[in-house]
Each structure stands twice: as structure tokens, then as C-alpha cells.
Amino acid sequence: MRLVCTVVGVLACGAVWTYAASGRAQSFRPFDEVTSSCPKCPSPGNDKLTLKDGQVVDAIVVAENPKFYVLAKFGELRAVGLDQVAKLDRNPHADRGKGHVDELLSKGGLVVSGQLVSDDTATGYVEFASVGVATPMRILKSMVAVIFKSGKLYYSTK
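Take -13 as the starting number for the sequence shown in our numbering and just add one per residue.
Okay, here's the thing in C-alpha cells:
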């Protein structure tokens, strides 16, 4: 319950993003229906993913690991399993941001992109610094499904 309260507080400021877990942990949940607040401004230059079910997703791939891509669009993050993507057209001019080094996937379906700060076996918590958030989150390791560090599997409950 503590993780949910912490995450809701962080989500309210728009710095951490989620996706719904179903079946496979990396099942894609569409982005919220948000449009640009500046329709006349130049496009940020999204990548284009075509999913195996035919759905086309315009977003920026900010991170990837052997299991899933992390997509960003209008301040939200989503994860989509590599096994669900039929084709990825990367925009060479897309601004992928900085700091998306590690990825954490919780058992409840939260995906966080940033950097693993600590893994304290004595307390059972991991600290994870999300991109754009000043204070790292403390997450019970028992609530974590998988952590990728620099693209390599660091921790998994499976």
C-alpha cells in the first residue's frame, strides 16, 4: 500500500508514467488522449511502432532492454514487449532525453525509467531515481517484477 501512495504522489506531478499489466507484463496500453498544447509548434519527431495486432503507435523510444521498449509521449511512459512489435521505424532526429539508463517494472504494472540508486538487502528496498524527479523513490523489492540495469537483467522474480 505504501508504494501506491508514493507512486500516486509522484504521478500527480507528471514525472512518472504507468502502463497496465495484463497477461504479459509488457502488454501495450494506449497513451491517454492528449494533444499538443501548441498545435502550430514543430512536432517532437516521434518514432513509429507497428504492433503485431496492426495498431500504429507514434511515440519516442527512450529506453529498451531485452524484454521491452519504454515509450514516451506528452509526459507519459508506456512499455511494450518486444514480442508485440512487428516493426519499428526510428526517427533519427527524435529527442530521446537523457538519464533513461535503467528500467524497473513492478508486479503491479508500474514502469519507471531512470537509474537504480541502491539495492538495500537489509531493508528490502530499492531506490530508483526517475527521470525528471528530484527525490528517488523507495520501492519494496518484493513488489518489483524485474529491473534492467544498463540494458542487462539485474533482478527478476521469475
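Think of the CB as a built atom: it goes at the ideal place given N, C-alpha and C, for glycine as much as any other residue. It should be emphasised that the depicted structure is a prediction, and the values quoted were computed from it without experimental measurement.
Buried or exposed by the 16-neighbour rule on C-beta atoms within 10 Å, applied to residue i
i            : result
histidine 86 : buried
glutamate 19 : exposed
leucine 35   : buried
alanine 58   : buried
leucine 90   : buried
CB contact flag (residue i, residue j, <8 Å)
i            : j                : result
valine 214   : alanine 120      : Any answer about residue 214 is impossible in this case: the structure gives the chain only from -13 up to 144.
valine 117   : serine 92        : no
aspartate 88 : phenylalanine 54 : no
serine 99    : valine 132       : no
aspartate 33 : arginine 64      : no
Own chain, CB closer than 7 Å to residue i, minus 5 neighbours either side, in chain order
i              : result
tyrosine 111   : Arg124, Ile125, Leu126, Lys127
proline 122    : Val103, Glu113, Phe114, Ala115
aspartate 69   : none
tyrosine 141   : Val130, Val132, Ile133
methionine -13 : Residue confidence for methionine -13 is low, a pLDDT of 32 falling below 50, so the modelled location carries little weight; the figure read from the coordinates is stated next. Closer than 7 Å at the Cβ level, and outside the excluded window around methionine -13, lies no residue.
Paired residues, beta bridge with residue i - DSSP
i            : result
alanine 65   : Val56
valine 112   : Asp105, Ile125
glycine 100  : Asp88, Ser116
aspartate 81 : Paired residue(s): none; aspartate 81 is not in a bridge.
glutamate 50 : Tyr55
alanine 134  : For the record, residue 134 in the displayed sequence is phenylalanine; it is not alanine. DSSP, once it has assigned bridges, lists Glu89, Leu139 as partnering phenylalanine 134.
Beta carbon proximity, residue i to chain B, threshold 8 Å
i            : result
histidine 79 : The chain inventory of the structure shown lacks chain B, comprising one protein chain alone.
Residues of its chain near residue i, where Cβ-Cβ distance is below 6 Å and the 5 sequence neighbours each way are ignored
i             : result
leucine -3    : Here the model assigns leucine -3 a pLDDT of 33, short of 50, so the residue's position is not dependable, and the following value carries that caveat. Closer than 6 Å at the Cβ level, and outside the excluded window around leucine -3, lies no residue.
alanine 72    : Thr36, Lys38
valine 43     : Leu35
glycine 83    : Val48
leucine 74    : Leu35
aspartate 105 : Val112
threonine 143 : Ala131
Own chain partners of residue i with C-beta closer than 8 Å, once the 5 adjacent residues on each side are dropped
i             : result
glycine 137   : Glu50, Asn51, Pro52
glutamine 101 : Gly85, Val87, Asp88, Phe114, Ala115
Residue i CB to nearest heavy atom of the ligand GTP below 7 Å
i           : result
alanine 115 : With respect to the ligand GTP, the structure shown offers nothing to examine, as it has no ligands at all.
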